[in-house]
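Asker:
Numbering (the working numbering), first residue to last: 2 to 310.
(1) Could you tell me the boundaries of the alpha helix (DSSP H) in which residue 311 lies?
(2) Could you check which residue in 82, 33, 46 has the C-alpha nearest to that of residue 61?
(3) Quick one: what does DSSP say residue 28 is sitting in, helix, strand or coil?
(4) Where residue 147 and residue 251 are concerned, what is the direct C-alpha to C-alpha distance, given to the nearest angstrom?
(5) From residue 188 to residue 211, what distance separates their C-alpha atoms?
(6) Taking all protein chains shown into account, decide if residue 140 is buried (16 or more other Cβ within 10 angstroms of its Cβ) or exposed.
(7) So, for residue 72: in the same chain, excluding its five sequence neighbours on each side, which residues have a beta-carbon less than 7 Å away from its beta-carbon?
(8) Please return the same chain residues whose Cβ sits closer than 7 Å to the Cβ of residue 78, not counting the five positions on each side in sequence.
(9) Just the Cα atoms here: how many angstroms apart are residue 153 and residue 25?
(10) With H, G and I counted as helix, E and B as strand and the rest as coil, what does DSSP make of residue 119?
(11) Where do the ends of the alpha helix (DSSP H) carrying residue 55 lie?
(12) Nearest-angstrom Cα distance between residue 1 and residue 50?
(13) Do you know offhand how far residue 282's Cα is from residue 195's?
(14) Count the other CB atoms, across all protein chains shown, that sit within 10 Å of the CB of residue 229; report buried if there are 16 or more and exposed otherwise.
(15) If contacts are defined as beta-carbon pairs under 8 Å, then residue 122 and residue 98 qualify, I think. What distance do you get, rounded to the angstrom?
(16) What does a CB cutoff of less than 6 Å around residue 192 pick up in its chain, not counting 5 residues either side in sequence?
(17) Which class does residue 178 belong to by DSSP, given the choice of helix, strand or coil?
(18) Take residue 64 as the anchor and find which of 91, 82, 31 has the nearest alpha-carbon.
(19) Alpha carbon to alpha carbon, how far is residue 41 from residue 240?
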């Protein structure tokens with residue numbers, strides 16, 4: 002299935018490399034900022050060399066301006082990549098439906114087919130854009146941030162890293178549950194569309210026999226089923242994000258306390274302590290990105306499975 006999904010990238014490899022390359026540079030620049038702060042606090046501030054301080058400030062502003070431009074490329078052109086893939090899938094699916102036999106249309110309601118072409122594919126673009134890119138950047142940032150943290154103080158870095166396997170397990174565990182739930186959700190949308198199609202297509206007959214109350218009851222059943230399935234999905238997502246948030250904030254507080262102790266003992270300078278705190282935030286940022294993928298990945302992969310059917 003993964004190989005089938007990546008086959009849709011082939012017509013847009015230049016766009017993929019542009020988006021991917023800019024995202025990598027953004028990640029590397031984010032890693033460099035805490036080190037610059039370390040030098041700023043430990044060397045520039047004690048020297049009181051204002052010309053050099055202003056020069057360093059101008060350099061940081063230039064780096065942030067460059068990062069802003071790269072972020073624009075990643076956001077706009079990256080989403081263009083996802084939209085192009087989504088459009089190709091929708092076109093291919095429509096062409097396939099056009100070739101199906103009359104028997105297939107007799108056995109499948111139009112509402113289900115509409116859902117396959119529209120709702121089932123609406124999150125494919127986000128998955129195509131953020132999936133491979135976010136995974137690679139997350140791994141790169143985790144390794145890079147941990148290496149820099151270990152260079153500053155390896156004992157504290159090891160203590161910080163302990164919680165990462167737990168957070169990743171939480172993400173993977175709940176992601177699997179959400180994929181199943183969103184597949185049920187897409188089926189509910191198909192049934193929902195079919196119900197609306199029947200109700201509106203036969204509205205003259207319904208009115209002729211004063212059957213509006215019966216149609217309302219049938220609509221309410223499908224509407225509530227859709228609501229309950231969606232609430233189940235967001236309940237799973239809320240538990241995953243809450244657990245990850247608690248673990249990450251616990252580690253940040255721990256780093257503040259442990260880092261303060263190492264500063265008092267003379268094992269960390271003030272600049273190294275500030276840089277380590279900033280690196281801790283950089284270290285957990287890809288994990289937060291993975292948590293955001295928990296919401297988009299199950300919808301996208303569930304939609305792709307529906308598409309393959």
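Backbone N, C-alpha and C define an ideal beta-carbon position, used for all residues, glycine too.
Answerer: So, from the listed chains and residues:
(1) Here the chain comprises residues numbered 2 to 310, so residue 311 is not present and cannot be evaluated.
(2) Closest by alpha carbon: 33.
(3) Residue 28 falls in the helix class under three-state DSSP.
(4) So the two alpha carbons sit approximately 18 Å from each other.
(5) About 30 Å.
(6) Sixteen is the threshold: since fewer than 16 other Cβ atoms of the shown chains lie within 10 Å of the Cβ of residue 140, the residue is exposed.
(7) Scanning its chain for C-beta atoms nearer than 7 Å, with the 5 sequence neighbours on each side dropped, one finds around residue 72 the residues 27, in chain order.
(8) 16, 19, 20
(9) 23 Å
(10) coil
(11) 51-99
(12) Given that the chain is displayed from residue 2 to residue 310, the structure contains no residue 1 and the question cannot be resolved.
(13) 48 Å
(14) exposed
(15) Not confirmed; about 13 Å, so no contact.
(16) 223
(17) helix
(18) 31
(19) In a straight line, the C-alpha of residue 41 is about 40 Å away from that of residue 240.
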